[in-house]
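What follows is a single structure, written as structure tokens, with notes after it.
Residue numbers (my numbering): 2 to 118.
As structure tokens, this is what we get:
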């Protein structure tokens, strides 16, 4: 299966379980791989038939702007569901990193894989 990917997309959102986190926006870093057959759009050089990564990135930014979750796990699950439903993505792998959550680590987070390859 071919893949369309977005790597290192940074979004600001309200995320965290501590009271101080509920009143601020924090950065999350996302890596996304989406299963997509690129032969059809490539054959006709047609953006309308491609998985538009600019549209994906814009939707992710909008989702993050509205989100208010305690857990990175919830953010990942809900975002994956939205993207698969709205863009018709059959399979995706999403990695969500919360930089600075553990001072001794560059980042912590979750990686999920949903759908069928």
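No residue lacks a Cβ here, since even glycine has one placed at the ideal position from N, Cα and C.
Across the structure, residue 86 and residue 39 are spaced so that their CA atoms are roughly 19 Å apart.
A direct Cα-to-Cα measurement between residue 47 and residue 41 gives close to 8 Å. With 16 or more other Cβ atoms inside 10 Å of its own Cβ, residue 37 counts as buried.
Only residues of its own chain outside the window of five on either side were considered, and among them 41 and 42 have a CB closer than 7 Å to the CB of residue 50, listed in chain order. Around the C-beta of residue 117, fewer than 16 other C-beta atoms lie within 10 Å, and the residue is accordingly described as exposed. Around residue 8, the same chain offers 32 as residues with beta carbons nearer than 7 Å, after the five sequence neighbours per side are excluded.
The three-state reading of DSSP puts residue 37 in coil, since its state is none of H, G, I, E or B. According to the DSSP assignment, residue 13 belongs to no alpha helix (DSSP H) but to the beta strand (DSSP E) extending over 4-16. Restricting attention to 66, 80 and 89, the CA atom closest to the CA of residue 53 is found in 89. By the criterion of a C-beta distance shorter than 7 Å, residue 74 is surrounded in its chain by 111, once the five residues flanking it on both sides are discounted. If one requires a minimum length of 4 residues, the alpha helix (DSSP H) runs lying completely within the stretch 59-92 are 73-88, in chain order.
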